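A quick write-up on the structure given underneath.
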Ligand code: ZN
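In our numbering, the protein residues as written are 18 to 219.
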């Protein structure tokens, strides 16, 4: 294999390795401190676009503080994403308590994360908003490494290799999930199977 030249600055098609700390309402909610940095492919919305857009031109070792308003992060809170369902529709193995997180498949069979926010005699209120919806995010980032992407990575629009572990805090924080990401599970066959589709998470 020919080794492509190492990119000197962050640009589209560059694999970026990044340390970050995410602060919301003055509180650190996510950080790579003490764990591996994240790697992603720049220019493919692997991370939230409001952060990605501020990274262009940075070099290895550069640090930057990036403020991302809610509308450019996980969006504003959508009142229509809060729904009341009959209590009997909740699977028996899921405890009915506020704060319990569960996954519900929609008519397309896609799993959607929800949290129980209210309970009445016959109904349960599920909130499908992202936990960070409506929140302004402040990232402090440090560029750890840059490399050229492999052709297959460009084709898939994401990074391959051992940097993709399914840290829960990573999913909740920086990673921008969309329907295409289900591809991950299929093509990372050298990785350990990580089941993140349990009914409940505590
Ligand atoms: Zn892939």
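By construction, the Cβ of each residue, glycine as well, lies at the ideal position given by its N, Cα and C atoms. Quick caveat, the model's predicted, so the values are computed rather than measured.
> What's the call for residue 30, buried or exposed, on a 16-neighbour Cβ count within 10 Å?
Replying inline: As a first step, residue 30 must be located in the chain shown, where it is residue number 13. Per the 10 Å Cβ criterion, exposed.
> So, are the CB atoms of residue 175 and residue 73 less than 8 Å apart?
Replying inline: For the purposes of this step, residue 175 is taken as the residue at position 158 of the chain shown. For the purposes of this step, residue 73 is taken as the residue at position 56 of the chain shown. No, they are not a contact pair.
> When the Cα of residue 171 is compared with those of 57, 41, 70, which residue comes out closest?
Replying inline: Here residue 171 corresponds to residue number 154 of the chain shown, with the count starting at 1. Among 57, 41, 70, the Cα nearest to that of residue 171 is on 57.
> Counting Cβ pairs closer than 8 Å, one from the region 75-88 and one from the region 158-167, do we hit at least three?
Replying inline: yes
> Three or more beta-carbon pairs under 8 Å between the region 85-95 and the region 120-140, yes or no?
Replying inline: no
> Where does residue 110 land, buried or exposed, given buried means 16+ other C-beta within 10 angstroms?
Replying inline: Locating residue 110 in the chain shown gives position 93, where the first residue counts as 1. It is exposed - the Cβ of residue 110 has fewer than 16 other Cβ atoms within 10 Å.
> At what residue ranges does the region 80-143 contain a whole run of the beta strand (DSSP E), taking only runs of 3 or more?
Replying inline: 80-85, 99-103, 118-122, 128-136
>> Please identify the residue among 66, 86, 168, 99 whose C-alpha is closest to the C-alpha of residue 152.
In response: As a first step, residue 152 must be located in the chain shown, where it is residue number 135. Minimum Cα distance to residue 152 is reached at 86.
> Between which two residues does the beta strand (DSSP E) carrying residue 157 extend?
Replying inline: Mapped onto the chain shown, residue 157 falls at position 140. In the DSSP annotation of this structure, the continuous segment of the beta strand (DSSP E) that includes residue 157 starts and ends at 154-165.
> Would you call the region 141-150 and the region 102-121 touching, i.e. three or more CB-CB distances under 8 Å?
Replying inline: yes
> Would residue 115 pass as a contact of residue 98 if the rule is Cβ separation under 8 Å?
Replying inline: Here residue 115 refers to the residue found at position 98 of the chain shown. Here residue 98 refers to the residue found at position 81 of the chain shown. Contact flag unset, no.
> Count the other CB atoms within 10 Å of the CB of residue 55; is the residue buried (16 or more) or exposed (fewer)?
Replying inline: Taking the first residue of the chain shown as 1, we reach residue 55 at position 38. Classification for residue 55: buried.
> Should residue 131 be labelled buried (16 or more other beta-carbon atoms within 10 Å of its own) or exposed?
Replying inline: Along the chain shown, one-based indexing puts residue 131 at 114. When all chains shown are included, residue 131 counts as buried.
> According to DSSP, what are the bridge partners of residue 57?
Replying inline: Sequence index remark: in the chain shown, residue 57 carries index 40 (1-based). According to DSSP, which records beta bridges pairwise, residue 57 is partnered with 33.
> Which residue's Cα is closest to the Cα of residue 164: 96, 38, 59?
Replying inline: Within the chain shown, residue 164 is the residue found at index 147, counting from 1. Nearest C-alpha to residue 164: 59.
>> Do residue 76 and residue 25 have their beta-carbon atoms positioned less than 8 Å apart in this structure?
In response: Counted from its first residue, the chain shown places residue 25 at position 8. Counted from its first residue, the chain shown places residue 76 at position 59. Yes, Cβ-Cβ distance for residue 25 and residue 76 is below 8 Å.
> Opposite residue 40 in the DSSP bridges: which residues?
Replying inline: Your numbering for residue 40 matches position 23 in the chain shown. Beta-bridge partners of residue 40 (DSSP): 45, 155.
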